[in-house]
Each structure stands twice: as structure tokens, then as C-alpha cells.
Amino acid sequence: MTLRAGKTMGGVARAAYNTGAVLIDSGMASCVEKFCIRKGVQLVGICPEAQITYPKLSEHHRKPNELTNGHTHFIIIGKEDAKVAYNWG
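Have a look at this one:
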């Protein structure tokens, strides 16, 4: 994360806090998580189950498609039917 991206995401979280908005992202690292935690902003991650990896205990080997902490809710899209696999559009 660059300094510029950090300032931008901090501003997004601050605006959500000031207006009472809920932020929605992909559920993966978007650099806004830590700012939402600090401000107490609700952050909802929405993602297709076929495209994500659930987090492991080790923080050292984080995968790019791994769900991240800092989200208050996750909405995992998918079906129990293995014939249908949802992907990012």
C-alpha cells in the first residue's frame, strides 16, 4: 500500500463514518479494513465462494484471494450444487 492509497482509504472510511454509510468490497485486501476498524465502520465483503480462500492461522503466507479481517460481515455467493460455480464478472 502506498502512502497515497492509505490517505484515500482513510478518507473513504472517514466519509462512511460521518454519514453512517456501510462500505462494501470484495472481502479481500482492499486497504480500507484497518481504517474501518479504527472508525467502527461496517465493512461488508461480498465474494463468490469458488474464487476465495479462507484464512489460515499463519499471517506470513497470505494468498491474494484470501478473506481478510476487518470486515464486519461476509456474504459468500455460491450454491451447494457443484454444477454452478460463480466467478467474478
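All residue numbers for the sequence shown refer to my numbering, where the first residue is 21 and numbers rise by one.
Beta carbons: idealized from backbone N, C-alpha and C, even for Gly.
Values in this document were obtained by computation on a predicted structure and should not be read as measured data.
Q | Bridge partner(s) assigned by DSSP for residue 81 | A | Residue 81 pairs with nothing; no bridge assigned.
Q) Which value, in whole angstroms, describes the spacing of the CA atoms of residue 23 and residue 48? A) Any reading at residue 23 must be qualified, since the residue scores a pLDDT of 49, below 50, and its modelled position is unreliable; the value itself is stated next. Residue 23 and residue 48: Cα-Cα distance of roughly 19 Å.
**Q.** Segment contact, 8 Å Cβ cut-off, at least three pairs: the region 30-43 with the region 68-83
**A.** no
**Q.** Span separating the alpha-carbon of residue 86 from that of residue 55
**A.** 19 Å
Q | Beta bridge counterpart(s) of residue 94 as assigned by DSSP | A | For residue 94, which the question treats as bridged, DSSP gives the partners 65.
**Q.** Distance between residue 83 and residue 90 (C-alpha atoms, nearest Å)
**A.** Cα to Cα, the separation comes out at about 16 Å.
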